[in-house]
Amino acid sequence: MYSSYEKKHIFMVMAFGIALMIPVLLLFLPATIADVLFYNRANWIIYLPFEVYLTYGVGLALWFLSSLLLWLLNLNKWSFLFTGIAVICSGALFYFASQTYVIIKAESIAVKPLFQSEEKVYTWNEVEKLVYYEVSPEEKGNSIIHLQLADDEVIELSENGYVASIKSAIFDKVRGLEKEVVYTNRYEK
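So for the sequence shown, the working numbering puts the first residue at 373; every next one is plus one.
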């Protein structure tokens, strides 16, 4: 029996399959990888900043692009070169995104920014002020918690379901150390 499709059509199906899976993967992949790599019973939360999801999205888009190029360029040598570059770049992006986090524990806050190799660990005593930017139910978006630290760093936590579950613990910890807590409805970066 003779198949009526060419090899390039396999890459067309792969490209469209990847395109359909990207939204689902973006929902579950970053948090699952962070939990697998950094889970500890002492953690209150492993928070992933928005740029982590954006970086995973770019990496997944490069996967889609690599399959698309193999299909559109008819499997010529340039398509393999571009695909190799895209796959290597997506792998690098996945690695850096998987190493970016904010881990909040009862005794410390660990921060590892995107594309940086060094983790910064802060004790709760280094938090100088907590600013809570509350978004009213009529407005779009999430409320934001800013933890202002002694070295002029700011840790920004967007209040998703995970952050909301530990919000009272964060506030209690900061209040217990007699640090300033500010409530406002005006967001200023």
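Built from N, CA and C at the ideal position, the CB exists for glycine as well. If you're wondering where the values come from, they're calculated on a predicted model, not measured in any experiment.
Asked: Among F468, F452, L440, K379, nearest to P421 - alpha-carbon criterion; Found: F468
Asked: Assigned secondary structure, V507 (DSSP; H/G/I helix, E/B strand, else coil); Found: coil
Asked: Coarse secondary structure for K563, derived from DSSP in three states; Found: Past the edges of the chain, shown from 373 to 561, lies residue 563, and the structure says nothing about it.
Asked: Inter-stretch contact (C-beta, 8 Å, three-pair minimum) for the stretch 386-393 and the stretch 426-439; Found: yes
Asked: Buried versus exposed, by CB contacts within 10 Å (16 or more), E552; Found: exposed
Asked: Simplified DSSP assignment, three categories, for Y419; Found: strand
Asked: Enclosing alpha helix (DSSP H) for L398 [first to last residue]; Found: 379-410
Asked: Burial state of Y473, where buried means 16 or more other Cβ atoms lie within 10 Å; Found: buried
Asked: Helix, strand or coil at S515 [DSSP, three-state]; Found: coil
Asked: Minimum C-alpha distance to W496 - residue among I481, L486, L447; Found: I481
Asked: Under the three-state DSSP convention, the category E552 falls into; Found: strand
Asked: DSSP three-state assignment for M373, whether helix, strand or coil; Found: Unreliable placement is indicated for M373, whose pLDDT of 49 sits below 50; the coordinate value is still reported in the next sentence. In this structure, M373 counts as coil in the three-state DSSP scheme.
Asked: Test item: CB-CB of I418 and I475 under 7 Å; Found: yes
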